Structures are given as C-alpha cells and as structure tokens.
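**Student:** The numbering of the sequence shown is the working numbering, which starts it at 115 and goes up by one. Just so it is clear, CB atoms sit at the ideal spot from N, CA and C, and this is done for glycine as well. The model shown is predicted, which means the values in this text are computed figures rather than measured ones.
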Amino acid sequence: MRIRTAVTTVALLAGLVGVAGCGQSYEEKTEDCLTALKARTKDDKAKPSECDGIKRKDYLTLVMSVAIDDLGWTGEDGKFDKNKMLDDLTDGN
Numbered sequence: 115m116r117i118r119t120a121v122t123t124v125a126l127l128a129g130l131v132g133v134a135g136c137g138q139s140y141e142e143k144t145e146d147c148l149t150a151l152k153a154r155t156k157d158d159k160a161k162p163s164e165c166d167g168i169k170r171k172d173y174l175t176l177v178m179s180v181a182i183d184d185l186g187w188t189g190e191d192g193k194f195d196k197n198k199m200l201d202d203l204t205d206g207n
C-alpha cells in the first residue's frame, strides 16, 4: 500500500512539473531568448539562460540576427538589407 501511494504521489508531482513547464510556447521562449541576446554586452558570448530549451539551429539564427542588426545591415522592416551590407563593406572603413 505504501509503495502504491508513493508511486501515485511521484506520478502526480511529475505531472504537475510537466504542466508547469508548458506555460510558455516555443515562440515565446525564442522571443525571450532574442530579448536576452540583445540585452547582453558585446563582450558577453555566453548563452543566456533564457535560451535554454531553444533548438541549436534556432539559437544560431537568433545570434546571427542580432549580429547582423548590430552591424546595421537591416532595413526599417528588420530584414537583412544586402545593399546596406555591400555599402558598408565597400566604404573602406
């Protein structure tokens, strides 16, 4: 009887932890990760804890997005602007 009660309690707690972890959608997690990446200092190269649980490919895409934005290679719509990149690279700076 004690074993059954213990197993039931553990299963119930595991279920509650699983439900609590589902509070954020993947999209919300990536938005939090992007915000954290934008907020870190230029010298900070560590992966923010907000990015835990983000797929590697998605994390790398977010890192590149922040880097391209920091270089000024995005247009007003927030998308990569090839002409801005080419202007910057051929400017001679």
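1. Only counting the same chain, and skipping five residues up and downstream in sequence, which positions put a Cβ closer than 6 Å to that of Cys-165?
2. In terms of alpha-carbon separation, which member of Leu-203, Ser-179 and Asp-205 lies closest to Lys-83?
3. Exposed or buried, what is Leu-203 when buried is set at 16 or more other beta-carbons lying within 10 Å of its beta-carbon?
4. Smallest Cα separation from Lys-65: which of Val-177, Ile-168, Lys-169 and Lys-171?
5. Could you give the distance in angstroms between the alpha-carbon of Ala-160 and the alpha-carbon of Gly-186?
6. Is it buried or exposed, Leu-151, if we count other Cβ atoms within 10 angstroms and call 16 or more buried?
**Tutor:** A quick look at the data gives this:
1. Residue mapping note: residue 165 aligns to position 51 of the sequence shown, counting from 1. Around Cys-165: Cys-147 and Tyr-173.
2. A query on residue 83 cannot be resolved here, the shown segment of the chain reaching from 115 to 207 and no further.
3. Against the sequence shown, residue 203 aligns to sequence position 89. Exposed, by the Cβ-count rule.
4. Given a span of 115 to 207 for the chain in the structure shown, any question on residue 65 remains unanswerable.
5. Taking the first residue of the sequence shown as 1, we reach residue 160 at position 46. Taking the first residue of the sequence shown as 1, we reach residue 186 at position 72. Linking Ala-160 to Gly-186 through their CA atoms gives a straight-line distance of about 22 Å.
6. Taking the sequence shown and counting its residues from 1, one reaches residue 151 at position 37. Around the C-beta of Leu-151, 16 or more other C-beta atoms lie within 10 Å, and the residue is accordingly described as buried.
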